[in-house]
Structure formats: structure tokens, C-alpha cells
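Trainee: According to the numbering used here, the residues represented by the sequence shown are 22 to 347, in order.
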Amino acid sequence: MTLYNKRRLLTFLGLLSVAAVGLELHSRLLTRLWRLPQVPQENARQEEEIPQGFARYPWYKWEPHPTSELPATIRKVEGKISLKVGGYGSDTFSQELIQSGRAPIYLINDSDHDLQVPSQDGDIYLRLEAKLDDGRWHRAQFHQHSGCGNSYIQHDLPAHQFVCIFGHSPSSGKRSYVRYAIHNGADDILVTDEFDGHYSTDDLTLSEFDDMALSEADVLTLRSFLLRESRPSLLHYNQRLEYLRATAWHSLTSGKHDLDAAISAAKEIQVFDPTLSVPGNLEVTLKTWTASRQRERAELQRLHGFYFANKTVSGAAKPHQNKGTP
Numbered sequence: 022m023t024l025y026n027k028r029r030l031l032t033f034l035g036l037l038s039v040a041a042v043g044l045e046l047h048s049r050l051l052t053r054l055w056r057l058p059q060v061p062q063e064n065a066r067q068e069e070e071i072p073q074g075f076a077r078y079p080w081y082k083w084e085p086h087p088t089s090e091l092p093a094t095i096r097k098v099e100g101k102i103s104l105k106v107g108g109y110g111s112d113t114f115s116q117e118l119i120q121s122g123r124a125p126i127y128l129i130n131d132s133d134h135d136l137q138v139p140s141q142d143g144d145i146y147l148r149l150e151a152k153l154d155d156g157r158w159h160r161a162q163f164h165q166h167s168g169c170g171n172s173y174i175q176h177d178l179p180a181h182q183f184v185c186i187f188g189h190s191p192s193s194g195k196r197s198y199v200r201y202a203i204h205n206g207a208d209d210i211l212v213t214d215e216f217d218g219h220y221s222t223d224d225l226t227l228s229e230f231d232d233m234a235l236s237e238a239d240v241l242t243l244r245s246f247l248l249r250e251s252r253p254s255l256l257h258y259n260q261r262l263e264y265l266r267a268t269a270w271h272s273l274t275s276g277k278h279d280l281d282a283a284i285s286a287a288k289e290i291q292v293f294d295p296t297l298s299v300p301g302n303l304e305v306t307l308k309t310w311t312a313s314r315q316r317e318r319a320e321l322q323r324l325h326g327f328y329f330a331n332k333t334v335s336g337a338a339k340p341h342q343n344k345g346t347p
């Protein structure tokens, strides 16, 4: 082959390559433009197909007391933070608690540090869990994030004080070993001892794809949900798939997952659902947020998800308003 023909062949192959890239970009653009108006309708259609449920929240007052005032039946863990299940008496108030499906739970701070306890609308994310046949603990109590920033505050729990709050306690349902856990984003979540109790199967199902589940989910679970390969089998009457998918997307791009896995999944999801995005370039933004989250976790010292409020702990700082995401 002459040099001239070689050049012509290389030029032709180059043009083919450019054309192929152009066709792929054009196809992606058409896909995104076509899917853009389809996303809301698809969410609405799926919502119509999914049965609706209802969940209850046990409200309580935050009133710390010295550990010296703990009931005789509640034993603190010396020098530690602990979570204990209280009992019921024969008094009228105890009977009212039983009938309303509430259980007294004692959060005890016997450490030497004053604590700040994150909460949403007064709720410190205390949730009932049940041990199922697979031997693992599953949350059996629904949670929905608040859209109002004023809902998120810090409760003060001084050193050597406790607070009695209420946990969700169904009086009927499936029997199992149950416990309470505080799901506040900590790796070392605080839990009670397990005991024989009940849980509601509807509560369990509602919890599988709620805001808390998606915030705690791994990349594969989030990818499956955002690509609509999985979906809730029961939806809270006040929950919308549009908001749940926004929660899942925020969790995926929050910087807490493996960076390469998150970027790969996010690219695939953005083609499927063009309504989901992040500011600027996807890869650059996720790298920035991941580095920021890692730096913040190193600077903020927490125990069981609680922040140290005193200055005796070096490096203690106020929590980020967005819980780690810039």
C-alpha cells in the first residue's frame, strides 16, 4: 500500500471514530431529552401501584436528670454511655404507655463529657429493630426526613445525667427478639439489650425503602433503586417516590461511599434519570465532597453519633449543618 493510500485509510478511520463518538453523544442526548418529561409520570404511576401504610411516632420531652435519680431497676454502665429498656409499673401512667404502644427507654451519660445529641423534631432517631430468621437485625420502625432545616437541633445531655424517652412498642404483631437502636449515622450505634417482644410486619416493610434506609444503603442498593430495578412494596401515605429517589441520589453522591463505585453508578443513573444531578462536573464534585467528608470526620470527634460539647476533648467542634456533605 502506498503512503498516500495509508494516509487516506487513516483519515477515513479517524472520521469513522469521530462519527461513532458523535452518534453515541447524540444518542445519549436524545435519551436524556426523551426521559426528562417521563420521570415524573413514571414516579406517579409507580406510586399508584404501591399500597399505602401509616406509621406512628412516640413523642417525648427531653428532660435530663442526675444519674443518682435513676430507678432502682435501671443500672448504668460506669463511666460509659448506655441505652436501657425500662419496665412498666401498675400505676395509671404505665398502663397508658402500654395502651399507646410506648416503652420507656433510658439514655444514660455516665461519662465525664457533656454531650450534644442530634435530633429531628425532638426525635433522636431511636428505632425498634427485630431479629429475623436470617439472624440479622432489621429496623421495624419507619422514618421520614424533614424538609425544614429548623427541625434539626442538638439536645444537651450533661455528664452523669440521663433522660427517659419513649420507644415504639407494638403490643401485637409477630413475636421475635427485639431491641432499640439510635440510627444517627454513627458507625458505633448505641443499642439496648435484646428482649422478647413484638414487631409489626407493616412497620418492617415500610422501613425497607424509607429515608433512613436509603441514607444507610450501600452503592449497589442505591443503584438498583435509582434504576427502578427495586422499589417499595408498601409506601407511607405521606411519602413520594420523587423525594425517596432524591434521598437515594443524595446518599450516593454524599462522599461516604467508595469513590470509584459511586462515580460509576452515578454516571449510569444520570443517563437513566436526567433529573438527578450535582453542581459542576460529576467526577470533580464527588472527589471534592469525598475529601471534605473524610476531613470532617477526622476533625469531629463523636461517640455513638453524639458530639462532645465540652472543651476537654482536643479537636472537638460543632457539627456540620449538612451532616458531612458540603
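Each residue gets a CB set at the ideal place from its N, CA and C atoms; glycine is no exception.
If we require 3 or more residues per run, which beta strand (DSSP E) segments fall completely within the segment 95-137?
Mentor: 102-106, 123-130
Trainee: Can you tell me where the beta strand (DSSP E) with F329 in it begins and where it stops?
Mentor: Translated into positions along the sequence shown, residue 329 becomes position 308. Unbroken beta strand (DSSP E) run through F329: 327-329.
Trainee: Among G218, I119, N171, which has the Cα closest to the Cα of S358?
Mentor: With the chain covering only 22 through 347, there is no way to say anything about residue 358.
Trainee: Just curious, the alpha helix (DSSP H) that W310 is in, first and last residue?
Mentor: Within the sequence shown, numbered from 1, the residue matching residue 310 stands at position 289. Unbroken alpha helix (DSSP H) run through W310: 303-320.
Trainee: Spatial neighbours of Y109 within its chain, please: C-beta separation below 7 angstroms, excluding the five flanking residues on both sides.
Mentor: Taking the first residue of the sequence shown as position 1, residue 109 is located at position 88. Counting only Cβ-Cβ distances below 7 angstroms, and skipping sequence neighbours, we find S115, L118, I119.
Trainee: May I have a chain-ordered list of the beta strand (DSSP E) segments no shorter than 3 residues that lie completely inside the segment 189-267?
Mentor: 195-203, 216-220
Trainee: How is A283 classed by DSSP in three states: helix, strand or coil?
Mentor: As a position in the sequence shown, residue 283 is number 262, starting the count at 1. Reduced to three states, the DSSP call for A283 is helix.
Trainee: Identify whether V292 lies in helix, strand or coil by the three-state DSSP scheme.
Mentor: As a working mapping, residue 292 is identified with position 271 in the sequence shown. Reduced to three states, the DSSP call for V292 is helix.
Trainee: Distance, Cα to Cα, A269 vs F293?
Mentor: For the purposes of this step, residue 269 is identified with residue 248 of the sequence shown, where counting begins at 1. For the purposes of this step, residue 293 is identified with residue 272 of the sequence shown, where counting begins at 1. Cα to Cα, A269 sits roughly 14 angstroms from F293.
Trainee: Give the DSSP-derived three-state secondary structure of H271 in the structure shown.
Mentor: To locate residue 271, count along the sequence shown from 1; it is residue 250. H271: helix per DSSP, three-state reduction.
Trainee: Look at the alpha carbon of G194 and the alpha carbon of A319, and state the distance between them as a whole number of angstroms.
Mentor: Looking up residue 194 in the sequence shown gives position 173. Looking up residue 319 in the sequence shown gives position 298. Near 43 angstroms, if we compare the C-alpha coordinates of A319 and G194.
Trainee: DSSP on P347, reduced to helix/strand/coil?
Mentor: For the purposes of this step, residue 347 is taken as the residue at position 326 of the sequence shown. Confidence in P347 is poor, its pLDDT being 28 and thus under 50, which makes the residue's placement too unreliable to answer from.
Trainee: Nearest-angstrom Cα distance between S285 and H204?
Mentor: Stepping through the sequence shown from its first residue, residue 285 is reached at position 264. Stepping through the sequence shown from its first residue, residue 204 is reached at position 183. Approximately 28 angstroms, taken between the alpha carbons.
Trainee: For Y220, I'd like the list of residues in its chain whose CB is within less than 7 angstroms of its CB, leaving aside the five on either flank, ordered along the chain.
Mentor: The sequence position of residue 220 within the sequence shown is 199, counting from 1. For Y220, where only same-chain residues beyond five positions count, the Cβ hits under 7 angstroms are L149, A151, A161, P191, G194, K195, S197, V199.
Trainee: Could you tell me which of P139, S228, Y173, D231 sits nearest to A207, measuring between CA atoms?
Mentor: As a position in the sequence shown, residue 207 is number 186, starting the count at 1. The closest CA to that of A207, considering only P139, S228, Y173, D231, is found on P139.
Trainee: By a C-beta neighbour count over all protein chains shown, 10 Å radius and 16 as the cutoff for buried, is I102 buried or exposed?
Mentor: Mapped onto the sequence shown, residue 102 falls at position 81. Buried: at least 16 other Cβ atoms inside 10 Å.
Trainee: Quick check: the segment 290-309 against the segment 83-101, are there 3 or more CB pairs under 8 angstroms?
Mentor: no
Trainee: By DSSP, does E90 sit in helix, in strand, or in coil?
Mentor: Translated into positions along the sequence shown, residue 90 becomes position 69. In this structure, E90 counts as helix in the three-state DSSP scheme.
Trainee: Three or more C-beta pairs closer than 8 angstroms, one from the segment 161-175 and one from the segment 120-127: is that the case here?
Mentor: Judged by Cβ distances under 8 angstroms, the segment 161-175 makes no contact with the segment 120-127, as fewer than three pairs qualify.
Trainee: DSSP three-state label for E69, please.
Mentor: Numbered from 1 along the sequence shown, position 48 holds the residue referred to as residue 69. It is helical.
Trainee: Determine the direct distance from the alpha carbon of R252 to that of G143, and round the result to whole angstroms.
Mentor: The residue you call residue 143 lines up with position 122 of the sequence shown. The residue you call residue 252 lines up with position 231 of the sequence shown. If you take the alpha carbons of G143 and R252, they lie about 30 angstroms apart.
Trainee: Between R244 and the rest of its own chain, which residues show a CB-CB distance below 6 angstroms, the 5 nearest in sequence each way excluded?
Mentor: As a working mapping, residue 244 is identified with position 223 in the sequence shown. The answer, listed in chain order, is A286.
Trainee: Please go through the same chain and pick out, in chain order, the residues whose beta-carbon is closer than 6 angstroms to the beta-carbon of G276, but skip the five residues on each side of it.
Mentor: To locate residue 276, count along the sequence shown from 1; it is residue 255. Only W310, T311, R314 meet the Cβ criterion.
Trainee: Would you be able to state if there are at least three C-beta pairs under 8 angstroms between the segment 257-273 and the segment 210-224?
Mentor: no
Trainee: With a Cβ-Cβ cutoff of 8 angstroms, do F183 and P85 count as a contact?
Mentor: Residue numbering aside, residue 183 sits at position 162 when the sequence shown is read from its first letter. Residue numbering aside, residue 85 sits at position 64 when the sequence shown is read from its first letter. Yes, these two residues count as a Cβ contact at 8 angstroms.
Trainee: Under the three-state reduction of DSSP, which class applies to S140: helix, strand or coil?
Mentor: Position 119 of the sequence shown, counted from the start, is the residue given in the question as residue 140. Looking at S140 - three-state DSSP - the assignment turns out to be strand.
Trainee: Which residues in the same chain as A282 place their Cβ atom closer than 7 angstroms to its Cβ, once the five residues preceding and following it in sequence are excluded?
Mentor: Counting from one through the sequence shown, the residue named residue 282 turns up at place 261. The residues are V240.
Trainee: Excluding the 5 residues preceding and the 5 following Y173 in the sequence, name in chain order all residues of the same chain whose CB lies nearer than 6 angstroms to its CB.
Mentor: Numbered from 1 along the sequence shown, position 152 holds the residue referred to as residue 173. Contacts found: Q141.
Trainee: Just the Cα atoms here: how many angstroms apart are K105 and I210?
Mentor: Locating residue 105 in the sequence shown gives position 84, where the first residue counts as 1. Locating residue 210 in the sequence shown gives position 189, where the first residue counts as 1. The straight-line gap from Cα to Cα measures roughly 14 angstroms.
Trainee: Which residues does DSSP list as the beta-bridge partners of V299?
Mentor: As a working note, residue 299 is residue 278 in the sequence shown. Answer is none; V299 lacks a bridge partner.
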